[in-house]
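As you go down the protein sequences, you meet chains A and B in turn. Residue numbering for the first sequence follows the working numbering, starting at 1 and increasing by one per position. Residue numbering for the second sequence follows the working numbering, starting at 1001 and increasing by one per position. Positions of the beta carbon are idealized from the N, C-alpha and C atoms, including for glycine.
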Amino acid sequence: MVAAAPTTSDELIYQVIGLKKQFDNGKVIALRGLDLEIRQGEFVAIVGKSGCGKSTLLQMLGSLDKPTEGTLNYRGRSIPDLPDPAAYRAHEIGFVFQAFQLLPTFTVLENVQMPMFEGKLSRSQRRARAVELLESVGLGHRFNHFPSELSGGERQRVAIARGLANKPSVVLADEPTGNLDSESAVQIIELLLDLHRQLGVTLVLVTHDMAIAERASRIIRMKDGRVLTDQLAISH
Amino acid sequence: MTFFTIVLRSLTRRPVRTCLTLVGISIGIAAVVTLVGMASGYEKGIGKQLDAVGVDVVVSNMSGGLMPKMFDASLQKKVAALPRVAETSTLLMRMMSVEDAPIMMISGREWGGFTWNRMKVLEGRMLKDRSEKAVVLGTLAAELLKKKVGDTLQIEVEELAVVGIVDGQSMVENGTIFLSLDVMQAISGDEGKINFLDIRVPPNTSKAEIALLCKDIKVIFPEGRAMIASEVVGTSQGFRVVRAMSWSTSLLAITVGVLGVMNTMLMTVFERTHEIGILLALGWRRRRLVAMVLCESALLGLLGGVVGVGLGVVGLITLGSSPGVRGFIEPDLNPKLMLISIAIAVVVGVVSGLYPAWRSSRLTPSLALQS
């Protein structure tokens, strides 16, 4: 895949002000007043120790959960107050999870088509799009395999292809290399970077691996539910 | 891949559980088809019998089971004097065990009455007179009792000669033992008693006029009732009990089916909480998840309904040919009942899926993903 130069615009995608998230009636505090801004086309790595709240932040950004307090806007609209959060998840966001989260009883080709049921594509268009995506991640020979028949790296490629199914503006990747060997991890990061450059999607990646984080254009360090540092990566 | 592929895949992933659930629903539906089919067959059989005999109005006592209580035969004269009555014929009917046959219809009919007219003698002869201690058998009754002309038949303590085999023009008539009313009354010790008075009206009498006649009869026989022949079975107290029992037993079986599907769908939703979380994360709307669960349970119902109707038809045919039933109940293989049963099964499926579907739609994506 030929990589084009990443394009970052000034358009504000996410605006997070004083974001708080508590669980278990306040016994567990995951986010303690977090402030953050992310712009269109950025590749942002969020790093920090386990339990610092980085995955919780990603879930809030993806509307998988609601914050307890604070402002959380996507393109100027409050995510918790979206009238149709499913549409936001379906059309604006592509998720890539550490544990792949593929549906075990469906083939690779079927898994990639799952998000497209919320779109307007016909059956044949859905299939054609899934074929195109799988070929673009190098899995053109695995269409009819089930997830259990694939290696970890291949599963994550399927998950990435699925994440791009509805041409999202943002890809939210939560430890996408966490379950992979080092060789597969490098391949997956290269793939994400290529897609980020080619498609211009905003990539928000949660990791605790600094080597991976340093591939990003911006690194946000978190500690105890707050942003500790927010800086451009050295390579940039 | 279509939405239906997803629904179908969910059911085929646990084939044993799906099959067991199908068995649960199909037993309920088979009960509906069999029991209601038998009750309906009984109703239709009696209707055909009355039609075959040519009866327009039936007078009987209000109380009693499938066979109403007896009343005094002197009513016949009073009824015969009413306007719009062309002919009358008295009957004393019993359902009882005869020799080796578990239960048979025995019909003592007024000799010379119109109720004998439509029988066709196939073998032997008709009775000679009102006092002849003999019987004629419907074709099916002869087959069930394994009797031929020249044999004897024991009813109560009386030995009666079988003098003829007749075609009674309906299944119930063919399954009946016929003898003279006088002989029947003598055998059972019920001289002067009858339990039916059949009436024919003149040709071209309107239904409204027949209804008026029924009212007139009610005046002179207040403890009894006069029914238009086509409405006799539907309004019979005994038949109502049979019909109510058929439906209540069926409902019980269906309830078990509902609980079975609900249990399966709830387990499916619990088991697939994580997968539902994935689908929510991928942007599936809650109403699509609800539709998925409801379609699964409706499909379970549909398949269970089809299998159940098949089982019910087998049950109906088996029951219809069993010794206790054959001869006076013609199983009703009614396509309408089968379609209704399948529709009930689908409704059962949908109703059973409502709660599980609601549960699935209430899941928080992040929590579902962590399960």
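> With distances taken from CA atoms, which of B:Ala-1211, B:Val-1313 and B:Thr-1273 is nearest Ala-1368 of chain B?
Replying inline: B:Thr-1273
>> If we define contact as Cβ-Cβ less than 8 Å, is Pro-1365 of chain B a contact residue for chain A?
In response: yes
>> For the region 1283-1313 of chain B, list every residue whose C-beta sits within 8 Å of some C-beta in chain A, in sequence order.
In response: Gly-1283, Trp-1284, Arg-1285, Arg-1286 and Arg-1288
> By the 10 Å Cβ neighbour count, where 16 or more other Cβ atoms means buried, how is Lys-1147 of chain B classified, buried or exposed?
Replying inline: buried
>> Using 8 Å as the cut-off, can you tell me whether the region 1275-1292 of chain B makes contact with the region 1351-1371 of chain B, which would need three or more C-beta pairs spanning the two stretches below that distance?
In response: yes
> With DSSP run on the structure shown, which of helix, strand or coil describes Thr-1249 of chain B?
Replying inline: helix
>> Quick check: what's the CA-CA separation for Ser-1360 of chain B versus Val-1290 of chain B?
In response: 7 Å
>> For Gly-1310 of chain B and Phe-1178 of chain B, what's the separation of their Cα atoms in angstroms?
In response: 37 Å
> Which residues, in chain order, does the region 112-135 of chain A contribute to contact with chain B at a C-beta distance below 8 Å?
Replying inline: Gln-113, Met-114, Pro-115, Phe-117, Glu-118, Arg-123, Arg-126 and Arg-127
>> Residues in the same chain with beta-carbon distance under 6 Å from Val-1055 of chain B, minus the five sequence neighbours each way, listed in chain order, please.
In response: Asp-1198 and Ala-1229
> Once you ignore the five residues that flank Ala-90 of chain A on each side, which residues in its own chain have a CB closer than 8 Å to its CB?
Replying inline: Pro-115, Glu-118, Gly-119 and Asn-166
> Got a sec? Which residues, its chain only, sit under 6 Å from Ile-1220 of chain B by beta carbon, not counting five neighbours each side?
Replying inline: Lys-1078
> Does the beta carbon of Leu-262 of chain A sit closer than 8 Å to a beta carbon anywhere in chain B?
Replying inline: As displayed, chain A neither begins before 1 nor continues past 236, which places residue 262 of chain A out of reach and without an answer.
> Where DSSP assigns a beta bridge to Gly-1340 of chain B, which residues make up the other side?
Replying inline: First, the amino acid is wrong: residue 1340 of chain B is Ile here, not Gly. Per DSSP, none; premise fails for Ile-1340 of chain B.
>> Which of the three DSSP states is assigned to Gln-101 of chain A in this structure?
In response: coil
> For Ile-17 of chain A, which beta-bridge partners are listed by DSSP?
Replying inline: A:Thr-71
> Under a Cβ-count criterion, where at least 16 other Cβ atoms within 10 Å of its own Cβ denotes burial, should Leu-1020 of chain B be classed as buried or exposed?
Replying inline: exposed
> Residues of chain A with CB under 8 Å from Phe-1003 of chain B, in chain order?
Replying inline: Phe-117
> What is the DSSP secondary structure of Arg-1124 of chain B, counted as helix, strand or coil?
Replying inline: Looking at the sequence shown, residue 1124 of chain B is not Arg but Gly. Reduced to three states, the DSSP call for Gly-1124 of chain B is strand.
> Where does the unbroken beta strand (DSSP E) through Ser-1089 of chain B begin, and where does it stop?
Replying inline: 1087-1098
> Secondary structure at Leu-228 of chain A, three-state DSSP: helix, strand or coil?
Replying inline: strand
> Who does Ala-1226 of chain B pair with in a DSSP beta bridge?
Replying inline: B:Val-1059
> Which value, in whole angstroms, describes the spacing of the CA atoms of Arg-126 of chain A and Leu-134 of chain A?
Replying inline: 12 Å
> Distance, Cα to Cα, Gln-1185 of chain B vs Gly-1192 of chain B?
Replying inline: 7 Å
> Under the rule that 16 or more other beta-carbon atoms within 10 Å means buried, what is Ala-1052 of chain B, buried or exposed?
Replying inline: buried
> Listing by chain order, which chain B residues have their CB less than 7 Å from the CB of Glu-110 of chain A?
Replying inline: Met-1001
> Would you say Ala-1281 of chain B faces chain A, with C-beta separation under 8 Å as the test?
Replying inline: yes
> By DSSP, does Phe-1178 of chain B sit in helix, in strand, or in coil?
Replying inline: strand
> Is Ser-1107 of chain B helix, strand or coil when you go by DSSP?
Replying inline: strand
> Closest Cβ-Cβ distance between His-91 of chain A and chain B: below 8 Å?
Replying inline: yes
>> Give me the DSSP bridge partner(s) of Met-222 of chain A.
In response: A:Val-227
> What is the DSSP secondary structure of Thr-202 of chain A, counted as helix, strand or coil?
Replying inline: strand
> Interface residues of chain A around Glu-1143 of chain B at Cβ under 7 Å?
Replying inline: Those do not exist, as Glu-1143 of chain B stays about 57 Å from chain A at its closest Cβ, beyond 7 Å.
> Distance, Cα to Cα, Ala-130 of chain A vs Leu-57 of chain A?
Replying inline: 29 Å
> Just by C-beta distance, which residues in the region 1008-1039 of chain B are closer than 7 Å to chain A?
Replying inline: Arg-1009 and Arg-1013
> Using a C-beta to C-beta distance shorter than 8 Å, which residues of chain A count as neighbours of Glu-1275 of chain B?
Replying inline: Leu-103
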